[in-house]
Amino acid sequence: MAAKINDVSAHHHMNYQEIFDRRGQMYHEAMLHWPDARQQEFTLPLSLLNLQPGDYLVDLPSGGGYLQRYLADEINLHCLESSQVFADYCQQHGFSVSLFHEHNLPLADGSVDKLLSIAGIHHIVDKQPLFNEIHRVIRPDGLLCIADVETGSAVAGFLDDVVDRYSETGHRGYFLDHNTLQALAEAGFCQLKQQRLHYQWQFPDEEALLRYCWLLFGLEKARLGDVKAGLQQYLNIESPPEGGARLEWQLLCFTACR
Ligand SMILES: C[S@@+](CC[C@H](N)C(=O)[O-])C[C@H]1O[C@@H](n2cnc3c(N)ncnc32)[C@H](O)[C@@H]1O
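Heads up, the sequence shown is in the working numbering, so the first residue is 4 and it goes up one at a time.
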């Protein structure tokens, strides 16, 4: 069911899960239409995991398994998702997937070589149980990389203001900062490092950029002009002379060893 801009009539009586599932549908549609818009958001954190042939890599939360396109065949990817809609998309694409709850990862002790988490755990209020579980499932000397929205950043402002205003679900993030380092240390991780990743989302033109953000963030109460104004309030949109359109983006990245 393709989402039409400003089609508000379609979901007046949806409950929270249905609205969240619809967000999942719209998010997936954005990722299918422009699969490489966020390429750097995947490849930069991946480059910090020193992937080796045969590695068992877990993506948590995976969404629809978008990481797979950036992996060599010798990497064994397993997707963990909290949303049935996203888990279904992983299955439809033949990706290995299971549902998880932050207090309980469906994986054996020390069974994972590398674990990556991109732009998902800012939805979780108390991250300590999840970090403890991640520490349990990663093998000794295994690696963790978390890239997510930083407290007080322009991206955090955009999500908790513009996405909160124009999406049906609203947005309230529990973003990452120095407390995250402490929580990872408390879970038992060592060699903790933190760095900001600055990069751009890339599009063939500005309309694609705006439609992508409308879908990705479920901005059903917005017109494309509202999306543009909201983005520019917090972030830079560039239209280089050689063509295309770019949106600056930034995540805070933590790496750690088990
Ligand atoms: C922005 S998407 C990121 C998905 C994927 N990592 C990516 O980069 O495209 C947010 C993800 O967080 C998950 N999520 C939302 N709320 C959650 C929660 N309370 N607990 C765990 N995961 C949650 C969603 O299912 C979704 O996969």
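Cβ atoms here follow ideal geometry from the backbone N, Cα and C, with glycine treated the same way.
So, with DSSP's three-state summary, where would you put residue i?
| i | result |
| --- | --- |
| H36 | helix |
| D112 | coil |
| E105 | coil |
| L51 | coil |
| A122 | coil |
| D62 | strand |
| H96 | coil |
| L70 | helix |
| R26 | helix |
| E84 | strand |
| A75 | coil |
| A5 | Since pLDDT at A5 reaches only 44, below the 50 mark, its modelled position is unreliable, and no value is offered. |
Enumerate in chain order the residues of its own chain whose CB-to-CB distance from residue i is below 6 Å, with the five nearest sequence positions on each side excluded.
| i | result |
| --- | --- |
| K196 | T258 |
| L110 | V140 |
| H96 | G68 |
| G27 | S86, V88 and F89 |
| G233 | V165 |
What I want to know is whether the C-beta of residue i ends up closer than 7 Å to one or more non-hydrogen atoms of ligand 1.
| i | result |
| --- | --- |
| I240 | no |
| G57 | no |
| I127 | yes |
| I141 | no |
| E21 | no |
| Y69 | yes |
| S50 | no |
| I121 | yes |
| G66 | yes |
| E105 | yes |
| E136 | no |
| E84 | yes |
| F161 | no |
| F89 | yes |
With a cut-off of 8 Å on the beta carbons, I'd call residue i and residue j a contact; round off their distance for me.
| i | j | result |
| --- | --- | --- |
| I149 | S120 | 5 Å |
| F192 | H125 | So it is not a contact: roughly 19 Å between Cβ atoms. |
| H106 | P132 | 5 Å |
| A40 | F220 | Not a contact, Cβ separation roughly 13 Å. |
Taking 7 Å as the limit between beta carbons, can you name the residues of its chain near residue i, skipping five residues before and five after?
| i | result |
| --- | --- |
| K117 | L52, L54, D58, L60, G145 and L146 |
| I78 | L54, D58 and L60 |
| N135 | A190 |
| S101 | L83 and P109 |
| H201 | Q253 |
| E251 | Q203, L238 and N239 |
| V115 | Y59, V61, V140, I141, R142 and G145 |
Ordered along the chain, which non-local residues of its own chain (more than five positions away) have a Cβ less than 8 Å from that of residue i?
| i | result |
| --- | --- |
| V152 | A122, H125, V158, A159, L162, G176, F178, L179, L254 and L255 |
Within the region 204 to 246, ranges of the alpha helix (DSSP H) (whole runs, at least 4 residues): 209 to 219 and 227 to 237
Beta strand (DSSP E) runs wholly inside the region 132 to 202, at least 3 long, in chain order: 141 to 151
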